[in-house]
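Asker: Please read through the structure below; I'll follow up with questions.
Residue numbers (full-length UniProt numbering): 1 to 72.
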């Protein structure tokens, strides 16, 4: 399992982390997961949808089960 992490560039604060079970989505690429995470963050009101350039979105390594929130 990996996370897509959204970081606000100006502050360096992590805005959101969305865990994914990548092995179940072989037909999707990294950008698909990043785009899905961005959509969720917009729906949750965590980011300004008109300013995506103000955020870094990245895939980070495996996470421990106790750090999981929602599965995408």
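No residue lacks a Cβ here, since even glycine has one placed at the ideal position from N, Cα and C.
Here the structure is a predicted model, which means the values were calculated and not measured.
Whose CA, out of 3, 7 and 8, lies closest to the CA of residue 18?
Answerer: By 1-based counting over the chain shown, the position of residue 18 is 18. Among 3, 7 and 8, the Cα nearest to that of residue 18 is on 3.
Asker: If we ignore side chains and look at the alpha-carbon of each, how far apart do residue 15 and residue 41 end up?
Answerer: For the purposes of this step, residue 15 is taken as the residue at position 15 of the chain shown. For the purposes of this step, residue 41 is taken as the residue at position 41 of the chain shown. Near 9 Å, if we compare the C-alpha coordinates of residue 41 and residue 15.
Asker: When you compare only the Cα positions, how much space is there between residue 52 and residue 39?
Answerer: Taking the first residue of the chain shown as position 1, residue 52 is located at position 52. Taking the first residue of the chain shown as position 1, residue 39 is located at position 39. So the two alpha carbons sit approximately 11 Å from each other.
Asker: What's the gap between the Cα of residue 13 and the Cα of residue 59?
Answerer: Here residue 13 corresponds to residue number 13 of the chain shown, with the count starting at 1. Here residue 59 corresponds to residue number 59 of the chain shown, with the count starting at 1. Rounded to the nearest angstrom, the two C-alpha atoms are 16 Å apart.
Asker: Taking the Cβ atom as the reference point for each residue, do residue 28 and residue 1 lie within a distance shorter than 7 Å?
Answerer: The sequence position of residue 28 within the chain shown is 28, counting from 1. The sequence position of residue 1 within the chain shown is 1, counting from 1. In this structure, residue 1 does not lie closer than 7 Å to residue 28 by Cβ.
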